[in-house]
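Enquirer:
Protein chains: 2
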Amino acid sequence: MNDTFQALSSSVRRKILAYLSKTDLTAGEISERFEMSKPALSKHLSILMNAGLIQGEKKGQYVHYSLVKENLFANMNDFLVNFCPQGRPLKLESAEIKKNKKTD
Amino acid sequence: MNDTFQALSSSVRRKILAYLSKTDLTAGEISERFEMSKPALSKHLSILMNAGLIQGEKKGQYVHYSLVKENLFANMNDFLVNFCPQGRPLKLESAEIKKNKKTD
DNA sequence: TAAGTATTTAACTAATAGGTTAATTATATC
DNA sequence: GATATAATTAACCTATTAGTTAAATACTTA
Numbered sequence: 017m018n019d020t021f022q023a024l025s026s027s028v029r030r031k032i033l034a035y036l037s038k039t040d041l042t043a044g045e046i047s048e049r050f051e052m053s054k055p056a057l058s059k060h061l062s063i064l065m066n067a068g069l070i071q072g073e074k075k076g077q078y079v080h081y082s083l084v085k086e087n088l089f090a091n092m093n094d095f096l097v098n099f100c101p102q103g104r105p106l107k108l109e110s111a112e113i114k115k116n117k118k119t120d
Numbered sequence: 017m018n019d020t021f022q023a024l025s026s027s028v029r030r031k032i033l034a035y036l037s038k039t040d041l042t043a044g045e046i047s048e049r050f051e052m053s054k055p056a057l058s059k060h061l062s063i064l065m066n067a068g069l070i071q072g073e074k075k076g077q078y079v080h081y082s083l084v085k086e087n088l089f090a091n092m093n094d095f096l097v098n099f100c101p102q103g104r105p106l107k108l109e110s111a112e113i114k115k116n117k118k119t120d
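Rendered as structure tokens:
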């Protein structure tokens, strides 16, 4: 869980996850979307890999990255369950949440 | 959202939240639960405060801290909604999640 | 095989995070 | 008012993080 939250503490990495939630991308395609060197991006990708939030598959000279959604949800659930008194998995009322929404 | 995930990236701070999910505590009571100096704990508390995840109320010479659960859920929801294709709030099947559970 | 492209690794640097002890602030009590 | 307690702030140190450029690795193609 530590690795997960550590990985999620960077907005760059959260954006990578958001991109991958739409479609798989190669390392190069990901790096095009950021104003940052490829090695820097590569490090972010390896942090997400180590946290089990993404996976990479080498195809020829490319590495295709994809989201591992189950791990994302599993870790979030493990965490959030602490705050549900009944110990049940999440059941949120969207209205109550929207009320407190802050734009980022 | 950055502040929230930054705050959650520390296991000490996640433990503080877990304690506060059970009951309100003073700064001193919180620091007793960790092997760390009071100033160090105080800094963790201020990070959680800045993220809006806890609030402190001064009563006499004590400061009583409590969880602000709504902000926790709101931020998590804002984040997780990205990964729900329909854009709906979370609806997870606990069985599928348990399968991938990793102990921390 | 040589040259080009995709990606990662290595070596380095600057900024940030997380801890320490000492000092300060605010309240309580004698 | 003096002293004790709770909590935070200040000053400092070390380790980690996040970026850089240069080099290495792996694959493709002429």
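Here the protein sequences come in this chain order: D and G.
Read left to right, the first sequence gives residues 17 to 120 (our numbering).
Read left to right, the second sequence gives residues 17 to 120 (our numbering).
Note that beta-carbon positions come from the ideal geometry of N, C-alpha and C, so glycine has one too.
It should be emphasised that the depicted structure is a prediction, and the values quoted were computed from it without experimental measurement.
1. For residue 56/G, count neighbouring Cβ atoms within 10 angstroms of its own Cβ and tell me buried if that reaches 16, exposed if not.
2. For residue 39/G, count neighbouring Cβ atoms within 10 angstroms of its own Cβ and tell me buried if that reaches 16, exposed if not.
3. If you drop the 5 nearest sequence neighbours on each side, which residues of the same chain put their C-beta closer than 6 Å to that of residue 78/G?
4. Give a yes or no on whether the minimum CB-CB distance between residue 52/D and chain G is below 9 Å.
5. Taking the alpha carbon of residue 86/D as the reference point, which residue from 68/G, 100/G, 24/G has its own alpha carbon closest?
6. Could you check the C-alpha separation between residue 25/D and residue 81/G for me, to the nearest Å?
7. Should residue 69/D and residue 46/D be called a contact, given that it needs their Cβ atoms to be closer than 9 Å?
8. For the region 21 to 37 of chain G, list every residue whose C-beta sits within 9 Å of some C-beta in chain D, in sequence order.
9. Run the CB neighbour count on residue 49/G, radius 10 Å, all protein chains shown included, and call it buried at 16 or more, exposed below.
10. Express the C-alpha separation of residue 23/G and residue 31/G in angstroms, rounding to a whole number.
11. I believe residue 37/G touches residue 93/D by the beta-carbon criterion, under 8 Å. Please report the beta-carbon distance rounded to the nearest angstrom.
12. Counting C-beta neighbours from all protein chains within 10 Å, is the total for residue 18/D 16 or more, i.e. buried, or is it exposed?
13. Please name the residue, chosen from 34/D, 44/D, 28/D, that lies closest to residue 127/D on a Cα-to-Cα basis.
14. Could you check whether the Cβ of residue 66/G sits closer than 9 Å to any Cβ belonging to chain D?
15. Tell me which same chain residues have a C-beta within less than 6 Å of the C-beta of residue 67/D, skipping the five on either side of it?
16. Tell me whether residue 90/D is buried or exposed, calling it buried when 16 or more other Cβ atoms sit within 10 Å of its Cβ.
17. Reducing DSSP to helix, strand and coil, say where residue 77/D ends up.
18. From residue 29/D to residue 76/G, what distance separates their C-alpha atoms?
19. Throw me the rounded Cβ distance for the residue 33/G and residue 96/G pair, which I believe falls under 8 Å.
20. Would residue 85/G pass as an interface residue toward chain D - the criterion being a Cβ-Cβ separation below 9 Å?
21. How far does the alpha helix (DSSP H) with residue 36/G in it extend, from its first residue to its last?
Expert: In terms of the structure at hand:
1. Mapped onto the second sequence, residue 56/G falls at position 40. With a 10 Å radius around the Cβ and a threshold of 16 neighbouring Cβ atoms, residue 56/G comes out exposed.
2. Translated into positions along the second sequence, residue 39/G becomes position 23. So residue 39/G counts as exposed.
3. Here residue 78/G refers to the residue found at position 62 of the second sequence. Contacts found: 42.
4. Taking the first sequence and counting its residues from 1, the one referred to as residue 52/D is at position 36. Judged by the 9 Å Cβ criterion, residue 52/D is not in contact with chain G.
5. Here residue 86/D refers to the residue found at position 70 of the first sequence. Cα-wise, what sits closest to residue 86/D is 100/G.
6. As a position in the first sequence, residue 25/D is number 9, starting the count at 1. As a position in the second sequence, residue 81/G is number 65, starting the count at 1. Distance between the alpha carbons of residue 25/D and residue 81/G is about 24 Å.
7. Along the first sequence, read from residue 1 onward, the residue named residue 69/D stands at position 53. Along the first sequence, read from residue 1 onward, the residue named residue 46/D stands at position 30. No, the pair does not count as a contact, with Cβ atoms beyond the cut-off.
8. 21, 22, 23, 24, 25, 26, 27, 30, 33, 34, 37
9. Counted from its first residue, the second sequence places residue 49/G at position 33. With fewer than 16 Cβ atoms within 10 Å of its Cβ, residue 49/G is classed as exposed.
10. Mapped onto the second sequence, residue 31/G falls at position 15. Mapped onto the second sequence, residue 23/G falls at position 7. When rounded, the distance between both Cα atoms is 11 Å.
11. For this step, residue 37/G is matched to residue 21 along the second sequence. For this step, residue 93/D is matched to residue 77 along the first sequence. With a Cβ gap of about 15 Å, residue 37/G and residue 93/D do not count as contacting.
12. Taking the first sequence and counting its residues from 1, one reaches residue 18/D at position 2. By the C-beta density criterion, residue 18/D is exposed, having fewer than 16 other C-beta atoms within 10 angstroms.
13. Outside the shown range of chain D (17 to 120) lies residue 127/D, about which nothing can therefore be said.
14. The residue labelled residue 66/G in the question sits at position 50 within the second sequence. Not closer than 9 Å to any Cβ of chain D, the Cβ of residue 66/G fails to qualify, so no.
15. Position 51 of the first sequence holds residue 67/D. Hits under 6 Å: 19, 20, 23.
16. The sequence position of residue 90/D within the first sequence is 74, counting from 1. With 16 or more other Cβ atoms within 10 Å, it is buried.
17. Within the first sequence, the letter at position 61 stands for residue 77/D. Residue 77/D carries a coil assignment under DSSP once its states are collapsed to helix, strand and coil.
18. Against the first sequence, residue 29/D aligns to sequence position 13. Against the second sequence, residue 76/G aligns to sequence position 60. Approximately 43 Å between the Cα atoms of the pair.
19. By one-based count along the second sequence, residue 33/G stands at place 17. By one-based count along the second sequence, residue 96/G stands at place 80. Contact check for residue 33/G and residue 96/G: beta-carbon distance about 17 Å, past the 8 Å limit, so the pair fails to qualify.
20. Position 69 of the second sequence holds residue 85/G. Yes, contact with chain D.
21. Numbered from 1 along the second sequence, position 20 holds the residue referred to as residue 36/G. Residues 27 to 38.
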